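Colleague: Okay, handing you the structure first.
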Amino acid sequence: SYVTSMDESNINLANSRTIVDFDLVLIAVGATNPEKGFGRTTPGEGGCIEEGDRLDTMAKRGQQLLNCGSVAIVGGGLVGIELAGDLAYSAKQKEIPLHVTLIHSESRLAMADMTAGASKFAQKKLEKLGVTIHLNERCKVSPASKDQQNDEEGGASGGGGGGGDEGNDSKQHDLFLPNSGGQVSANEIIWTTGISSHNRFLHGKFKTFETGWIKVDDYFRVLGTIESKGNEDTPSKKYFAFGDCCDWFPNAGNALMQNGATIGHNLAMALQIKAQEKAKASGGAAADASAQSKKIAIKPFRKAKVPPRFAVATLGPKAGVASGIGCCGYTQFLIPGMKNKTMFLSNIKKSTGIE
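Taking my numbering, the leading residue of the sequence shown gets 127, the next gets one more, and so forth.
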């Protein structure tokens with residue numbers, strides 16, 4: 127199931143269950159994107175809940191894109207260049223005719239995450255795969271295309287059938303490029319221009335959630351909860367938030383992996399503080415002796431680590447670029463291959479103690 131609403135004492139689930147009597151809450155719901163192929167759609171709004179269903183939907187959507195004839199990707203950040211690389215490489219390997227166009231509003235790809243050298247390398251690799259790239263363009267969708275895509279969205283992203291022949295029957299959408307005066311026509315438009323918060327179930331409960339992202343301090347404690355009594359800078363003793371859903375580092379996988387042990391330690395310490403408070407509240411020497419026998423050791427919370435600027439983008443299963451490495455600023459060797467094979471899951475397991 128999934129959470130539909132939450133307050134200081136209750137967590138309400140979609141299956142009509144309610145969770146009560148909890149000591150801590152860790153909110154790690156991530157962020158959302160309407161494109162179902164990314165696996166970030168919101169449960170309850172067309173998104174899948176079960177992992178198998180989500181993977182199946184993503185696979186069908188990928189097959190549909192491969193067979194649609196032409197794809198325009200709007201947004202040349204890390205997600206956009208990876209998607210362009212994967213589609214172009216797969217189409218080339220399977221000898222499927224597919225024209226991939228990448229449109230980006232800045233002067234180079236992944237400008238916020240990569241060095242100039244890494245951006246240039248990524249662009250060359252994509253162009254070698256046959257991707258057409260338009261830089262410095264904030265494209266506009268024609269009104270007719272926008273209405274048409276909204277009408278088709280249910281069928282296109284719902285994953286119906288194998289997606290093979292359906293894509294070739296897609297009607298074209300027109301994108302206007304204001305700077306050059308040009309136009310891009312494509313059967314599918316994929317927007318990779320950002321993510322949005324996935325925290326609507328908290329709306330109205332905590333003041334700082336009005337911005338969408340959950341506001342946290344340097345220890346991942348939520349700020350501005352009901353228990354803070356109106357002081358938005360007072361950290362919660364009960365609520366923590368981690369990952370894309372909070373404002374500390376939205377959509378930054380490297381930073382998240384570097385802080386897995388930090389959030390784990392802080393949650394453990396918060397639970398020990400709660401246990402100590404309960405022992406004291408029960409009163410008497412017996413409670414004190416019980417607390418001592420459990421050897422509750424309260425250690426300071428750990429601050430979140432801000433890792434060095436680092437980004438990895440795969441450009442198909444055989445290529446990629448890692449930015450922020452060594453004196454040259456980037457590399458195409460080893461690290462992109464590791465991401466392709468493992469998604470760095472071994473690093474996550476090590477930092478969290480999961481074997």
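Even for Gly, the Cβ is constructed at its ideal location relative to N, Cα and C. Please read all numbers here as calculations on a predicted model, not as lab measurements.
1) Would you decide whether residue 208 is buried or exposed? Buried here means 16 or more other CB atoms lie within 10 Å of its CB.
2) Assuming residue 427 and residue 383 form a contact by the criterion Cβ under 8 Å, report the distance between their Cβ atoms to the nearest whole angstrom.
3) Count the other CB atoms, across all protein chains shown, that sit within 10 Å of the CB of residue 441; report buried if there are 16 or more and exposed otherwise.
4) For the candidate residues 408, 364, 455 and 154, whose alpha-carbon lies nearest to that of residue 244?
5) Looking at the secondary structure, which residues open and close the alpha helix (DSSP H) in which residue 468 lies?
6) So, does the CB of residue 262 fall closer than 9 Å to a CB anywhere in chain D?
7) Using DSSP with H/G/I as helix, E/B as strand and the rest coil, what is residue 224?
8) Return helix, strand or coil for residue 132, following the three-state DSSP convention.
9) Leaving aside the five residues before and after residue 132 along the sequence, list all residues of the same chain whose C-beta is less than 8 Å from its C-beta, in chain order.
10) Which residue from 318, 381, 312 and 316 puts its Cα closest to that of residue 346?
11) Kindly indicate which residue of 400, 406, 344 and 359 has the alpha-carbon position closest to the one of residue 389.
12) Kindly indicate which three-state DSSP category residue 384 falls into: helix, strand or coil?
13) Measuring alpha carbon to alpha carbon, tell me which of 444, 206, 302 and 403 ends up nearest residue 424.
14) Spatial neighbours of residue 443 within its chain, please: CB distance less than 6 Å, with the 5 preceding and 5 following residues excluded, ordered by chain position.
15) For the candidate residues 386, 157 and 235, whose alpha-carbon lies nearest to that of residue 439?
16) Distance check for residue 225 and residue 117, CA to CA, integer angstroms please.
17) Please go through the same chain and pick out, in chain order, the residues whose beta-carbon is closer than 8 Å to the beta-carbon of residue 260, but skip the five residues on each side of it.
18) Is DSSP giving residue 193 helix, strand or coil here?
19) Consult DSSP for residue 144 and reduce its assignment to one of helix, strand or coil.
20) Within the continuous alpha helix (DSSP H) that includes residue 212, where are the two ends?
21) Hey, how far is the Cα of residue 145 from the Cα of residue 365?
22) DSSP three-state label for residue 344, please.
23) Report the rounded CA-to-CA distance for residue 300 versus residue 360, giving the unit in angstroms.
24) Between which two residues does the beta strand (DSSP E) carrying residue 314 extend?
25) For a quick check, are the C-beta atoms of residue 255 and residue 211 less than 9 Å apart?
26) Below 8 Å on the Cβ atoms is my contact criterion, and I expect residue 432 with residue 317 to pass it. Report the Cβ-Cβ distance as a whole number of Å.
Modeller: Let's see:
1) Here residue 208 refers to the residue found at position 82 of the sequence shown. By the 16-neighbour rule on beta-carbons within 10 angstroms, residue 208 is buried.
2) For the purposes of this step, residue 427 is taken as the residue at position 301 of the sequence shown. For the purposes of this step, residue 383 is taken as the residue at position 257 of the sequence shown. Actually they are not in contact, since the Cβ atoms of residue 427 and residue 383 sit about 20 Å apart, beyond 8 Å.
3) In the sequence shown, residue 441 corresponds to position 315, counting from 1. Answer is buried; the Cβ neighbour count reaches 16.
4) For this step, residue 244 is matched to residue 118 along the sequence shown. Cα-wise, what sits closest to residue 244 is 455.
5) Against the sequence shown, residue 468 aligns to sequence position 342. Residue 468: member of the alpha helix (DSSP H) spanning 461 to 468, first to last residue.
6) Going by chain labels, chain D is absent from the structure shown, which holds only one protein chain.
7) Taking the first residue of the sequence shown as position 1, residue 224 is located at position 98. Correct three-state label for residue 224: coil.
8) Counting from 1 along the sequence shown, the entry for residue 132 is found at position 6. Strand, per DSSP.
9) Here residue 132 is taken as the residue at index 6 of the sequence shown, counted from 1. So the qualifying residues of the chain are 138, 151, 327, 328 and 331.
10) For this step, residue 346 is matched to residue 220 along the sequence shown. The residue with the shortest Cα to Cα distance from residue 346 is 381.
11) By one-based count along the sequence shown, residue 389 stands at place 263. Cα-wise, what sits closest to residue 389 is 344.
12) Along the sequence shown, one-based indexing puts residue 384 at 258. It is helical.
13) Within the sequence shown, the letter at position 298 stands for residue 424. Ranking 444, 206, 302 and 403 by Cα distance to residue 424 puts 403 first.
14) To locate residue 443, count along the sequence shown from 1; it is residue 317. Counting only Cβ-Cβ distances below 6 Å, and skipping sequence neighbours, we find 466.
15) In the sequence shown, the residue the question calls residue 439 occupies position 313. With distances taken between Cα atoms, residue 439 lies closest to 235.
16) Given a span of 127 to 481 for the chain in the structure shown, any question on residue 117 remains unanswerable.
17) Working through the sequence shown from its first residue, we reach residue 260 at position 134. Cβ neighbours of residue 260 beyond the five flanking positions: 227, 228, 229, 230, 303, 306, 308 and 310.
18) As a working mapping, residue 193 is identified with position 67 in the sequence shown. Residue state, collapsed to three classes: coil.
19) Residue numbering aside, residue 144 sits at position 18 when the sequence shown is read from its first letter. Three-state DSSP puts residue 144 in a strand.
20) Counting from 1 along the sequence shown, the entry for residue 212 is found at position 86. Unbroken alpha helix (DSSP H) run through residue 212: 204 to 219.
21) Counted from its first residue, the sequence shown places residue 145 at position 19. Counted from its first residue, the sequence shown places residue 365 at position 239. Going by the C-alpha atoms only, they are around 15 Å apart.
22) Residue numbering aside, residue 344 sits at position 218 when the sequence shown is read from its first letter. In the structure shown, residue 344 sits in coil (DSSP, three-state: anything other than H, G, I, E or B).
23) Here the question's residue 300 lines up with position 174 in the sequence shown. Here the question's residue 360 lines up with position 234 in the sequence shown. Each residue's CA atom was taken as its position, placing residue 300 and residue 360 some 49 Å apart.
24) The count along the sequence shown starts at 1 and reaches residue 314 at position 188. Counting along the chain, the beta strand (DSSP E) containing residue 314 begins and ends at 314 to 317.
25) Along the sequence shown, one-based indexing puts residue 255 at 129. Along the sequence shown, one-based indexing puts residue 211 at 85. Result yes, Cβ atoms of residue 255 and residue 211 sit closer than 9 Å.
26) Start at 1 with the first residue of the sequence shown, and residue 432 comes out as number 306. Start at 1 with the first residue of the sequence shown, and residue 317 comes out as number 191. Going by Cβ atoms, the distance from residue 432 to residue 317 rounds to 29 Å, so no, they are not a contact pair.
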